Structure formats: C-alpha cells, structure tokens
Amino acid sequence: MKVISFLNPKGGSGKTTAVINIATALSRSGYNIAVVDTDPQMSLTNWSKAGKAAFDVFTAASE
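Taking the numbering used here, the leading residue of the sequence shown gets 4, the next gets one more, and so forth.
Okay, structure coming up:
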C-alpha cells in the first residue's frame, strides 16, 4: 500500500483541491483510492457527500 500525504498548517493553501484532483485522476486510471479527511472543516467529506467522489472518503476529524 502506498500513502500520499498532503499537509500544510495554513488554510487556503489548496490541499483539498489537490487531493480531489489527484485522487480522481488515480481512481480513473484504475487505482483503488481511499482518502482520510483529517481537516476540522471537513471540506473533503462534505464534498464527497454531494455524490461527486470517484473514491472512498473516510472522516477522521471530530467536530
């Protein structure tokens, strides 16, 4: 299993957008992708609930 991490303490740096784009591209290329959303804002989790994700999203952030 390979792991790719996107980390940056600064908000608004494009982490969620980068994860969505890279995970989608890898998924469409035939890779099995699972993303763990640890952002307290849960932007990726909320985006995936809209039914747009081509990959699995797990939430590790607490409200």
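Where a beta carbon is used, it is the ideal one built from N, C-alpha and C, also for glycine.
Just so you know, these numbers come straight off a predicted model, no measurement behind them.
CB-CB under 6 Å to residue i, same chain, minus the five flanking residues each way: which ones, in chain order?
| i | result |
| --- | --- |
| A57 | T27 and S30 |
Spatial neighbours of residue i within its chain, please: CB distance less than 7 Å, with the 5 preceding and 5 following residues excluded, ordered by chain position.
| i | result |
| --- | --- |
| T62 | D40, M45 and T48 |
| F9 | K18, A21 and V22 |
If we call anything under 7 Å between Cβ atoms a contact, is residue i one with residue j?
| i | j | result |
| --- | --- | --- |
| K18 | N24 | no |
| V38 | V60 | yes |
Give the secondary structure of residue i by DSSP, where H, G and I count as helix, E and B as strand, and everything else as coil.
| i | result |
| --- | --- |
| A57 | coil |
| G22 | Here the sequence assigns Val to residue 22, which means Gly is not the residue at that position. Here V22 sits in helix by DSSP. |
| A37 | strand |
By DSSP's criteria, residue i is part of a beta bridge. Which residues make up the other side?
| i | result |
| --- | --- |
| T62 | D40 |
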